[in-house]
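Trainee:
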Amino acid sequence: MKRIALAILVIAFVIGSVAPSFAVEMQARGSWRAAASWWDFDGKDDANNGETFRARQRARLWFDFIANENLKAVLGLEIGDITWGDSNGKLGTDSNEAIEVKHAYFDFNIPNTQVNIKAGLQGIYIPGNLGSPILDDDAAALMVSAPINDMVSVAAGWIRSYDLDDDTKGIYDYDKDTADAKDDDNPSGIAGTSGDEVDTLALLVPVNGDGFSVTPYFLYTMIGKNTVEELPIAEILDDAVKKSGIKDDLGEALGGVDDDATMWHAGFSAQIDMFDPIVVLTDFAYGSLALEGTTQDIDVRGYFFDLAVDYKMDFMTPEVFFLYTSGADDDKDEISVFPHISGDLNFSTLIFDGSPFTEGDLYDDPAALPMWALGLKLKDINLVEDLSHTFTIYYAQGTSDKDGWYGKTFAEDDSLVEVDFDTKYQIYDELAAYLELGYASFDWDKSADHTNDAEDIYKAAIGIKYDF
Numbered sequence: 477m478k479r480i481a482l483a484i485l486v487i488a489f490v491i492g493s494v495a496p497s498f499a500v501e502m503q504a505r506g507s508w509r510a511a512a513s514w515w516d517f518d519g520k521d522d523a524n525n526g527e528t529f530r531a532r533q534r535a536r537l538w539f540d541f542i543a544n545e546n547l548k549a550v551l552g553l554e555i556g557d558i559t560w561g562d563s564n565g566k567l568g569t570d571s572n573e574a575i576e577v578k579h580a581y582f583d584f585n586i587p588n589t590q591v592n593i594k595a596g597l598q599g600i601y602i603p604g605n606l607g608s609p610i611l612d613d614d615a616a617a618l619m620v621s622a623p624i625n626d627m628v629s630v631a632a633g634w635i636r637s638y639d640l641d642d643d644t645k646g647i648y649d650y651d652k653d654t655a656d657a658k659d660d661d662n663p664s665g666i667a668g669t670s671g672d673e674v675d676t677l678a679l680l681v682p683v684n685g686d687g688f689s690v691t692p693y694f695l696y697t698m699i700g701k702n703t704v705e706e707l708p709i710a711e712i713l714d715d716a717v718k719k720s721g722i723k724d725d726l727g728e729a730l731g732g733v734d735d736d737a738t739m740w741h742a743g744f745s746a747q748i749d750m751f752d753p754i755v756v757l758t759d760f761a762y763g764s765l766a767l768e769g770t771t772q773d774i775d776v777r778g779y780f781f782d783l784a785v786d787y788k789m790d791f792m793t794p795e796v797f798f799l800y801t802s803g804a805d806d807d808k809d810e811i812s813v814f815p816h817i818s819g820d821l822n823f824s825t826l827i828f829d830g831s832p833f834t835e836g837d838l839y840d841d842p843a844a845l846p847m848w849a850l851g852l853k854l855k856d857i858n859l860v861e862d863l864s865h866t867f868t869i870y871y872a873q874g875t876s877d878k879d880g881w882y883g884k885t886f887a888e889d890d891s892l893v894e895v896d897f898d899t900k901y902q903i904y905d906e907l908a909a910y911l912e913l914g915y916a917s918f919d920w921d922k923s924a925d926h927t928n929d930a931e932d933i934y935k936a937a938i939g940i941k942y943d944f
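The sequence shown begins at 477 in my numbering and counts up one residue at a time.
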């Protein structure tokens, strides 16, 4: 913590020293949170049962260096997540590994135009009403946006997710072209500049009309053959392949990555509020990933759909929601699941990532989980001033064939029910306290091997959040 304080003082000193010369105004904003959570996992296997308690905290700080209304630079720092008593949160609390650069980008308008450019490390979000099924993460990017008229605007960008260069991270160890280059200093065998980047080109066209808004989008991703293993979807496919028993991992299934890969997504996110107090929210996206292997090519292609209907009332907003993500059949050459870059669904606070504290994600990547779900949510129940509640219940079932690639992950004969009750008390305008209670019950297919999967999960979390 001493080094954190020192870093902040240095930033303040630098800002103070340059302000008179360059007339730069600094504005600070941030989000501070701390929480304690308790989990209980009840599974078939005694080794998988257990209780988990932990206390964690995180601080995010943004500094806007503003020259004028058309030019600023943004620096975002993240301290944590820090688990109390572990690593950066152990006795002494003076580790320097907790501070990360989250954002660092230019934000400016081209002179005499409304064209805005953001260049650098920034947050990238492809819209979704139940969370983004494609991309919601920080990345190095160049984003350009401009209004076309009062209703239509356009945003286009280049996102570089990976450039391994001389990084020693591994690849699927079957590529004959790089096998001879391996040594102790470069065990991956990556030559440094060939096939080691992942680049995405994105185009979004937000349209805001009278009583509706819709954002169609298209993304095209170029994946160097030496970076396939880095993709979040590749990790999920690895896990699915292992559990299915078809092969040991995705690299073996391909026989080695033989060429660069491509992935593309097309879809839209829409909201219709012309029937106020009824609001309709819907998303649709289709994605395709083509992997070329030495012995086998594999296509990963599928779609995502959701629909939610809100009814706004004075004291709460009931919502009925449905989502469907395509699942894999028993075809070993084509996997009919929805590929994503780094998605993040947030319609619940236990299994999925809707909590401001515990960040669910009990699966390695629930955004890639082939399933359908039907649920009810009572949002912003407000019967007492400054006190609000949200109640969520849904039923979900897998959409993959149990004899296919995803058959041992969450297949068509597997299901779950989740119930969440979350409370927020607004202590001050900037400070809020939270209490989260959650329960999930899984019903696994008895004919499949799910001995390592929990049947019942309980969660309780209490935390405090300061936004300024």
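Virtual Cβ for every residue (Gly too), placed ideally from N, Cα, C.
Over what stretch of residues does the beta strand (DSSP E) that includes Tyr871 continue unbroken?
Mentor: 863-874 is the span of the beta strand (DSSP E), which, as asked, contains Tyr871.
Trainee: Flag this pair as yes or no: are the beta carbons of Val550 and Tyr581 separated by less than 7 Å?
Mentor: It is a contact, given that the beta carbons lie within the stated cut-off.
Trainee: I'd like to check one pair, Glu912 with Thr825: are the Cβ atoms closer than 7 Å?
Mentor: Their beta carbons are under 7 Å apart, which means Thr825 touches Glu912 by this criterion.
Trainee: If I measure Cβ to Cβ from Ile558 and keep anything under 6 Å in the same chain, skipping five residues before and after, which residues do I get?
Mentor: Answer for Ile558: Gln533, Asn564, Gly565, Ala574, listed in chain order.
Trainee: For Pro469, I'd like the list of residues in its chain whose CB is within less than 6 Å of its CB, leaving aside the five on either flank, ordered along the chain.
Mentor: Look at the range of the chain in this structure, 477 to 944, and you will see that residue 469 is not part of it.
Trainee: What is the DSSP secondary structure of Leu567, counted as helix, strand or coil?
Mentor: The answer is coil: DSSP assigns Leu567 none of H, G, I, E or B.
Trainee: Between which residues of its own chain and Asp879 is the CB-CB distance below 6 Å, once the five residues before and five after are set aside?
Mentor: Closer than 6 Å at Cβ, skipping near neighbours: Asp806.
Trainee: Which of helix, strand or coil does DSSP assign to Thr654?
Mentor: In this prediction, Thr654 scores a pLDDT of 41, lower than 50, which makes its location untrustworthy; the coordinate-derived value is nonetheless stated afterwards. Helix at Thr654.
Trainee: For Lys935, count neighbouring C-beta atoms within 10 Å of its own C-beta (all shown protein chains included) and say buried if the count is 16 or more, exposed if not.
Mentor: So Lys935 counts as buried.
Trainee: DSSP state of Glu706, grouped into three classes?
Mentor: Of the three classes helix, strand and coil, the one that applies to Glu706 here is helix, per DSSP.
Trainee: So, Lys855 versus Glu894, is the Cβ gap smaller than 7 Å?
Mentor: No. Outside cutoff.
Trainee: Taking the beta strand (DSSP E) that Trp634 belongs to, which residues open and close that run?
Mentor: Here the beta strand (DSSP E) through Trp634 covers 629-639.
Trainee: Just the C-alpha distance for Arg505 and Glu906, rounded to the nearest angstrom, thanks.
Mentor: Whole-angstrom Cα-Cα distance: 11 Å.
Trainee: In angstroms with no decimal places, state the Cα-to-Cα distance between Ile903 and Asn702.
Mentor: So the two alpha carbons sit approximately 51 Å from each other.
Trainee: Identify whether Lys788 lies in helix, strand or coil by the three-state DSSP scheme.
Mentor: Coil at Lys788, not helix or strand.
Trainee: Short check: CB of Phe814 to CB of Asn822, under 7 Å?
Mentor: Not in contact: Phe814 and Asn822 (Cβ atoms no closer than 7 Å).
Trainee: What residue range is occupied by the uninterrupted beta strand (DSSP E) comprising His741?
Mentor: Here the beta strand (DSSP E) through His741 covers 737-751.
Trainee: As a quick exercise: from Ala531, Leu611, Glu545, pick the residue whose alpha carbon is nearest that of Asn820.
Mentor: Checking the displayed sequence, the identity of residue 820 turns out to be Asp instead of Asn. Closest by alpha carbon: Leu611.
Trainee: Indicate the three-state DSSP secondary structure (helix, strand or coil) for Lys594 in the structure shown.
Mentor: Three-state result, Lys594: strand.
Trainee: Helix, strand or coil for Lys701, going by three-state DSSP, please let me know.
Mentor: Correct three-state label for Lys701: helix.
Trainee: Excluding five sequence neighbours on each side, which residues of the same chain lie with their C-beta closer than 8 Å to the C-beta of Asn546?
Mentor: Phe584, Asn585, Pro587, listed in sequence order.
Trainee: Specify, as a first and last residue, the run of the beta strand (DSSP E) that Trp848 falls within.
Mentor: 847-860 is the span of the beta strand (DSSP E), which, as asked, contains Trp848.
Trainee: Which one or two residues does DSSP pair with Tyr800 in a beta bridge?
Mentor: Phe781, Trp848, per the DSSP bridge assignment.
Trainee: Would you tell me roughly how many angstroms separate the C-alpha atoms of Asp639 and Val674, rounded to the nearest one?
Mentor: Straight-line Cα distance between these residues: approximately 7 Å.
Trainee: Could you check the C-alpha separation between Thr589 and Pro682 for me, to the nearest Å?
Mentor: Taking the straight line from one Cα to the other gives about 19 Å.
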